[in-house]
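First up is the structure itself, then whatever we jot down about it.
Number of protein chains: 2
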Amino acid sequence: MTNNMAQLYQQVCDHARQTAMIASIESVLGWDDHTYLPAAAGDYRAEQITFLTGQVHQRWVDKAFGDWLDTLAADHLATHPATDTAVVIHRLKRQRDRRIKLPQSLVEELTRTAVLGQLAWQEARAQNDYAKFRPYLQKTITLKKQQAEALGFNDHPYDALLDEFEPEEQTANVGRVLSGLREQLVPLVAAILNSGRQPRMEILKRNFPVEVQKTFGQRAAEAIGYDFKRGRLDVTVHPFCATLGPHDCRITARYDENFFNMAFFAVMHEAGHGIYEQALPADYYGLPLCEAASMGIHESQSRMWENFVGRSRAFWRHYLPVAQAFFPQSLGDVSLEDFYFAINDVRPSLIRVEADEATYNLHILIRFELELAMMQGDVGVDDLPSAWNDKYRQYLGITPPRDAEGVLQDMHWSGGLIGYFPTYALGNLYAAQFFAQARNELGNLDGMFERGEFEPLRLWLREKIHRHGKRFTAAELVEHVTGRPLSYEPLMMHLYDKFRPLYGLD
Amino acid sequence: MTNNMAQLYQQVCDHARQTAMIASIESVLGWDDHTYLPAAAGDYRAEQITFLTGQVHQRWVDKAFGDWLDTLAADHLATHPATDTAVVIHRLKRQRDRRIKLPQSLVEELTRTAVLGQLAWQEARAQNDYAKFRPYLQKTITLKKQQAEALGFNDHPYDALLDEFEPEEQTANVGRVLSGLREQLVPLVAAILNSGRQPRMEILKRNFPVEVQKTFGQRAAEAIGYDFKRGRLDVTVHPFCATLGPHDCRITARYDENFFNMAFFAVMHEAGHGIYEQALPADYYGLPLCEAASMGIHESQSRMWENFVGRSRAFWRHYLPVAQAFFPQSLGDVSLEDFYFAINDVRPSLIRVEADEATYNLHILIRFELELAMMQGDVGVDDLPSAWNDKYRQYLGITPPRDAEGVLQDMHWSGGLIGYFPTYALGNLYAAQFFAQARNELGNLDGMFERGEFEPLRLWLREKIHRHGKRFTAAELVEHVTGRPLSYEPLMMHLYDKFRPLYGLD
């Protein structure tokens, strides 16, 4: 790199870091909005956030910033494709290019439709009246097609939308893997149902005082490596993980005094996200080297700690005695096997966010297939509720009695999120593939968990995944780490290994 | 106003409101910094805040903004001195003029000295080593003299510093009133001491569970009119009130399980600030019409609810039974008279923030007199500790055994705050004068308090003070509301009326 180029690169980094700082301020306001904002303060908070969003956008589309990136890309990417510098230039340019391809009028129309759509959806869901939401969904689909056209794509317009969450991922590839998954998963779930076995669920529905749950959850999050000096755990209606700065990543959970799972697995899940964010190289905060590879990779980390660790027998061999000390009256008489079976109860249900480890993926498949069908025009908004119900019957063997528990249950479409759902299933797939590899390389993970040792796994994840930021795409990363492309087999293997013995299947 | 001028005025208002929005975002970050920020996140938070501070400053000193204000001022102030428009133009221009008079180099030097000074002061106080702080205080005094010169003044350089907190107030006037106060207060405190009477303080030092205190404090704050739909109550080391938007004013308190006063009177105090902020006309948020008149007027509102209401016999005639229901074991056997005497215990002490209603003003007087003396060069930093101790002996009859409990106790000077202390005593003086007037106009306030009725007083304060924002200076406001200029007499009358019977004085 010549001196001139080095200086230009410095300007680009300074610009990007400043933009990230403004975005981080927006994140503080968003976090406060979800946690502690007084009821009457919402309107002004929206104005504050809109103001910052505008500043962030202006800085991304800034002409000089674009020129610097173009110059650097022409000079650098061909000759030094593997350096930090090239990664930063390539990823920033890619993000900027996506931004400038969207006409301002389309962005505004998408935003307006999302705001109105969410209000309409809330009302529609409360009143179980899909017709109230239908016109907004129609408008959203139309706009998302326009967005895909504006962004451009090779094979499928859905590629352009998916790219926002899974950079460079292809719809065809996702479809192939998820179809393979479906073919094995639907029979497994059916076999589980036919087994006639059921765990004693009531042991999880006893009394668990909220304040004690908070302490217990915090202790578990600390144990798996979430750093409270650089984070917090608060209460929100919908759990989330938000990064507010290089050393400030906060998680939330919600609590049900009469259901152990509600908070505990949310804490494990969000702590998994948090551990990833906290392990990104903070010195590069504001640059792609300190950003998660993709939403799917992010979800793989939360799912790994929630399910592959948190719902394992080995984990509870260590933690059930601790939990019994925290909740002596509710868990004192509960055996490890009963507890383990209960937290791994598989039961087709209508609501995605309440689904178990096995059926969850089918909820996602249904949404992914319907999104694709809507984008292709194979399913229109008029037919969507029945198409939804058909798929629930087909994959899960149940039919939603009302649209409120069917097609209206998720907020994603009302907010203009199309292409996001598959990242949830990708997360499970990546998690399984990474976890199998970790077991290959680290040896007896169960033995470690039984002793309460989670650092080996966490450090392995940092080394293999976290520290790279956006250096690799998700597809490259999974290939790098496991030596194989994304596959549904590790996940199915994990589900077979867990559920065949539990349900007495062959 | 011509169309052109009206358009210019609109531009000025838009500019000011946008600046206020950025400042409000800074307030969110500041609030979070004091309440929930993870330990390791302080450095980046400082960067975020510095960035916003810079944006706010740039917008204030913006050349076009200044030109618009000059044009409007020339056109409007002479001809329409009493309109909303004129108030906005005059106050904005005055604030801007103060900003642009300070050279950038001086602002930076003040900021740097404040940061280093605070670190040095923390160490000096912890080690009881005034010498460690002395050079920073010397530097601060030098810079504050430069600041006063840059800002300009008529009579006394201290006027220029005081103006930041009490716009248009004069040092000579404050000095006159505070000297008059001192002449009556010192003998009153001495007489109280000589009375030999003391309340049963142990009743306030029993066990008061923190969670119960929180609920009780929240209920009292609600009762006097602090609106939790537009506010919150959190926990911080130093209680404060912060406004984060037109409908978002938050207060904090700290809790001592074994001392009732610690949290309760902090909640009443901060709720008093909050009630003022919440009653400012929100439609004008971002303009001087939605800003408090002065720090002294602000403090008058907090002191009124804390002391004139919250330490009155009538208030506790209503609230002691409520408090007894909240804290049956600690307060169940306590009589109203014993409780009332205990919360009004007068006792010369070394620490300002722990001082009672009577001696508090003497702590402030000492600081005000020493600030003046330092600015005039009558007391140098080498002589300050002994000058401090002399005054404590003279006014309060006690001598600090160590500088840590003497000249090093407050953070103000280390942070470059000179001219701020008198606003605390002014707050007490204004509170007394307003409260006497409210009693004249509303009649039997005690009767209302005994019935738990605080709305008449709150609405009177809103009508007379809150709704005006910065329309009037503090001096104008007190004259408008009470028909008399600021005087020490109402405060002394209040203190005589309360403490003569309690301590059996003539």
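Protein chains in written order, with the numbering used here: chain A, 1 to 506; chain B, 1 to 506. Don't be surprised by glycine CBs; every beta carbon is placed ideally from N, CA and C. All of these numbers come straight from a predicted model, not from anything done at the bench.
By how many angstroms is the C-alpha of residue j removed from the C-alpha of residue i?
i, j, result
"T215 (chain B)", "P209 (chain B)", "10 Å"
"I509 (chain A)", "I22 (chain A)", "No answer is possible for residue 509 (chain A): the residues shown for chain A start at 1 and end at 506."
"D390 (chain B)", "L370 (chain B)", "11 Å"
"A171 (chain A)", "L417 (chain A)", "Sequence check: residue 171 (chain A) is Thr here, not Ala. Cα to Cα, T171 (chain A) sits roughly 16 Å from L417 (chain A)."
"A432 (chain A)", "V309 (chain A)", "11 Å"
"F528 (chain B)", "Q394 (chain A)", "Given that chain B is displayed from residue 1 to residue 506, the structure contains no residue 528 (chain B) and the question cannot be resolved."
"A148 (chain B)", "L162 (chain B)", "10 Å"
"S414 (chain A)", "R134 (chain A)", "10 Å"
"A126 (chain B)", "L143 (chain B)", "25 Å"
"T35 (chain A)", "V28 (chain A)", "11 Å"
"P456 (chain B)", "A314 (chain B)", "15 Å"
"T71 (chain B)", "S24 (chain A)", "39 Å"
"L477 (chain A)", "Q104 (chain A)", "34 Å"
"W121 (chain B)", "T50 (chain B)", "22 Å"
"G469 (chain A)", "E270 (chain A)", "18 Å"
"A242 (chain B)", "D403 (chain A)", "45 Å"
"P281 (chain A)", "A279 (chain B)", "47 Å"
"A425 (chain A)", "A82 (chain A)", "30 Å"
Shortest alpha-carbon distance to residue i belongs to which of the options?
i, options, result
"Q18 (chain A)", "B:Q48, B:L365, B:Y9, B:Y36", "B:Q48"
"F264 (chain A)", "A:S302, A:L280, A:E337", "A:S302"
"F240 (chain A)", "A:I297, A:T252, A:D32, A:T79", "A:T252"
"H318 (chain B)", "B:S330, B:S335, B:L110", "B:S335"
"R206 (chain B)", "B:G274, B:W68, B:F327", "B:F327"
"A64 (chain A)", "A:R367, A:S195, A:H15", "A:H15"
"I100 (chain B)", "B:R45, B:R462, B:D67", "B:D67"
"F435 (chain A)", "A:L461, A:G406, A:L244", "A:L461"
"A579 (chain A)", "A:W31, A:M5, A:A46", "Within the shown structure, residues of chain A are numbered from 1 to 506, placing residue 579 (chain A) beyond reach of any answer."
"Y503 (chain B)", "B:R347, B:L116, B:A114", "B:R347"
"G397 (chain A)", "A:I192, A:R471, A:V379", "A:I192"
"Y44 (chain A)", "B:G117, B:D248, B:D234", "B:D248"
"Q329 (chain B)", "B:Q437, B:V407, B:V212", "B:V212"
"E168 (chain B)", "B:N307, B:F368, B:R471", "B:R471"
"L151 (chain B)", "B:R98, B:A82, B:V61", "B:R98"
Am I right that residue i and residue j are in contact with their C-beta atoms under 8 Å? What's the rounded C-beta distance?
i, j, result
"D333 (chain B)", "D345 (chain B)", "With 8 Å as the limit, D333 (chain B) and D345 (chain B) do not qualify as a contact, their Cβ atoms being about 19 Å apart."
"R182 (chain B)", "L429 (chain B)", "About 12 Å separates the two Cβ atoms, so there is no contact after all."
"L106 (chain A)", "Q146 (chain A)", "6 Å"
"L204 (chain B)", "A358 (chain B)", "In fact, because the Cβ distance is near 17 Å, the residues do not count as touching under 8 Å."
"V381 (chain B)", "I224 (chain B)", "Not really, about 43 Å apart at Cβ, beyond 8 Å."
"A474 (chain A)", "S294 (chain A)", "4 Å"
"L69 (chain A)", "L102 (chain A)", "So it is not a contact: roughly 17 Å between Cβ atoms."
"L350 (chain B)", "P400 (chain B)", "5 Å"
"G231 (chain A)", "R250 (chain A)", "6 Å"
"N258 (chain B)", "I343 (chain B)", "In fact, because the Cβ distance is near 16 Å, the residues do not count as touching under 8 Å."
"F341 (chain A)", "P199 (chain A)", "4 Å"
With burial defined as no fewer than 16 other Cβ atoms inside 10 Å of the residue's Cβ, what is the status of residue i: buried or exposed?
i, result
"P490 (chain A)", "buried"
"A131 (chain A)", "exposed"
"T482 (chain B)", "buried"
"L119 (chain A)", "exposed"
"E108 (chain A)", "exposed"
"H480 (chain A)", "exposed"
"H238 (chain A)", "exposed"
"R451 (chain B)", "exposed"
"A387 (chain B)", "buried"
"P485 (chain B)", "exposed"
"N154 (chain A)", "exposed"
"A160 (chain B)", "buried"
"T111 (chain B)", "exposed"
"P514 (chain A)", "There is simply no residue 514 (chain A) to check, as chain A begins at 1 and stops at 506 in what is shown."
In chain order, each beta strand (DSSP E) run of at least 3 residues that lies wholly inside the segment 196-267 of chain B: With a minimum length of 3 residues, the continuous beta strand (DSSP E) runs that stay inside the segment 196-267 of chain B are 233-235, 241-245, 248-253.
Runs of alpha helix (DSSP H) wholly within the segment 47-90 of chain B (minimum 4 residues, chain order): Annotation note: the segment 47-90 of chain B contains the following uninterrupted alpha helix (DSSP H) runs of length 4 or greater, listed N- to C-terminal: 63-76.
Sequence ranges, alpha helix (DSSP H) only - wholly within the segment 121-146 of chain B, length at least 4: Counting only runs of 4 or more, we get nothing.
Ordered list of alpha helix (DSSP H) runs contained in the segment 367-427 of chain B, each at least 4 residues: Entirely contained in the segment 367-427 of chain B, the alpha helix (DSSP H) runs reaching 4 residues are, in chain order, 384-391.
Ranges of the alpha helix (DSSP H) found wholly within the segment 291-336 of chain B, counting only runs of at least 4: If we require 4 residues or more, the alpha helix (DSSP H) runs fully inside the segment 291-336 of chain B come out as 295-303, 313-326, 328-331.
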